[in-house]
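One structure below.
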Amino acid sequence: MRTNRYIGMIAIIMSLAFYACGGPSSADKMSAEEKQELETEISEIETSIEEMEKVEQDIEESANELESALEDL
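Note that the numbering used here has the sequence shown beginning at 893, numbered continuously upward.
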């Protein structure tokens with residue numbers, strides 16, 4: 893559910909980064925350092941998304957525990 897949103901965000905960021913560098917024609921002209929910088933940024937974004945998913949899962953688990961506690965009352 894939210895994973896699709898995160899994947900969409902990654903796709904948008906990757907496409908923006910690609911075109912910010914000049915698009916398809918300049919992708920081949922990028923230096924190795926520029927390519928490495930983009931790959932680093934993308935991996936940082938992926939790591940952030942994984943962390944967000946973990947937090948989301950923790951929140952859902954906490955919400956379920958609270959609902960159970962309320963039902964017990």
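C-beta atoms are modelled at their ideal positions from N, C-alpha and C, and glycine is treated no differently.
- When the five nearest sequence neighbours on each side are left out, the beta carbons in the same chain lying within less than 8 Å of the beta carbon of ILE902 are those of ILE934, ILE937, GLU938 and ILE941, in order along the chain.
- In terms of Cα proximity to ARG897, the closest of LEU908, ALA912 and MET944 is MET944.
- Under the three-state reduction of DSSP output, LEU965 falls in the coil class, being neither helix nor strand.
- Distances from the CA of ILE905 to each of VAL947, ASP950, ALA961 and LEU930 were compared; the closest alpha carbon is that of LEU930.
- Between the alpha carbons of ALA912 and SER923 lies a gap of roughly 14 Å.
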